[in-house]
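The opening residue of the sequence shown carries number 17 in our numbering; numbering runs sequentially from there.
C-beta atoms are modelled at their ideal positions from N, C-alpha and C, and glycine is treated no differently.
For reference, the structure discussed in these notes is given below.
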Amino acid sequence: MPLIVGLTGGIASGKTTVANLFQQHFSIDIVDADIIARDVVAQGTKGLTAIVEHFGPDILHRDGSLNRTALRERIFTDATEKNWLNQLLHPLINQKMSEELHKVTSPYALLVVPLLIENQLQSMVDRILVIDVDEQTQIERTQARDKVSKEQVLAILSAQASRAERLAFADDVIENSSQNQRLLPQITKLHKKYLAISSTNRSE
């Protein structure tokens with residue numbers, strides 16, 4: 017398997033933007049945990065079947081797809097239900113991520129996992145790349161993007177690893193606090209670094 021770089025960061029840090037730049041400029045394969053999390057509860061999956069059996073048919077839209085808003089409301093104030101859902105979905109997501117990583121054809125791959133540190137998935141990656149941003153910028157970006165209150169953003173931030181905790185696990189860091197931050201030079205530098213590591217790994 018090629019070098020696996022775990023890309024992570026807090027809310028509104030720019031994870032998707034960075035991953036897309038790696039893909040667009042250097043044709044690097046991306047495995048995105050958020051996309052997989054949606055796939056494992058798509059219509060016809062055992063994940064969705066288990067959710068309906070547990071929560072009842074009211075958890076679905078009329079077309080049979082998962083009503084994510086209703087599900088969030090059910091688990092938001094009930095830790096037991098949230099734990100049940102996590103125990104169902106995390107193994108399904110992790111298995112799918114592993115399957116997708118085995119299909120990688122680029123010299124290295126990015127595994128994009130917002131909660132990489134929180135869910136203790138470090139063992140799935142060879143290196144951890146943290147997209148670092150200050151908290152005030154996260155608040156402003158999230159409010160502008162999601163049209164939510166500052167209090168809601170602070171609640172999300174409190175449920176995630178702190179900036180310091182995330183950086184403590186980082187092998188590499190991309191700074192993305194400035195609105196005009198030039199990302200591509202940082203990405204290009206890391207791309208060359210990852211290619212060199214991949215080449216060394218193959219020759220050993």
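Between which two residues does the alpha helix (DSSP H) carrying residue i extend?
i, result
"G25", "From DSSP, G25 is part of no alpha helix (DSSP H); its letter is neither H nor E."
"T32", "31-42"
Using a Cβ-Cβ cutoff of less than 8 Å, which residues in the same chain neighbour residue i once the five nearest sequence positions on both sides are dropped?
i, result
"A125", "P18, L19, I20, V21, I44, D45, I46, V47, L117"
"Q202", "I190, E191"
"L211", "P123, Y124"
"L183", "V146, D148, V189"
"D50", "V128, P130"
"A35", "L23, I46, D48, L126, V128"
"D55", "T61, K112"
"Q138", "G22, L132, I144, F185"
State the start and end residues of the unbroken beta strand (DSSP E) segment that holds residue i.
i, result
"V47", "45-48"
Excluding the 5 residues flanking residue i on each side, which residues of the same chain have their C-beta closer than 6 Å to its C-beta?
i, result
"L104", "A66"
"A4", "Because the chain is modelled from 17 through 220, residue 4 falls outside the range shown and cannot be assessed."
"A186", "I144, V146"
"D142", "L19, I20"
For residue i, write down the residues that DSSP places opposite it in a beta bridge.
i, result
"D148", "E191"
"I52", "Answer is none; I52 lacks a bridge partner."
"H19", "Looking at the sequence itself, residue 19 is Leu, so the reference to His does not match. DSSP output for L19 lists Y124 as bridge partner(s)."
In its own chain, which residues sit with a C-beta less than 7 Å from the C-beta of residue i, not counting the 5 before and 5 after it?
i, result
"L37", "L199, L200, I203"
"V164", "T158"
"E97", "R90, I91"
"I213", "L19"
"Q168", "none"
"Q59", "G80, S81"
Is residue i near the ligand GDP - that is, is its Cβ less than 7 Å away from at least one heavy atom of it?
i, result
"E191", "Annotation note on the ligand GDP: not contained in the displayed structure, which lists no ligands."
| request: Could you pull out every unbroken beta strand (DSSP E) segment of at least 3 residues lying fully inside the region 150-217, listed in chain order? | output: Within the region 150-217, the complete beta strand (DSSP E) runs of at least 3 residues fall at 188-191.
| message | My parser needs the beta strand (DSSP E) runs of 3 or more residues fully inside the region 67-142; what are they? | response | For the region 67-142, the full-length beta strand (DSSP E) segments reaching 3 residues or more read 124-128 along the chain.
| request: Kindly confirm or deny that the region 106-114 and the region 23-32 touch, where touching means at least three C-beta pairs closer than 8 Å. | output: No: the two stretches stay apart, fewer than three of their Cβ pairs being nearer than 8 Å.
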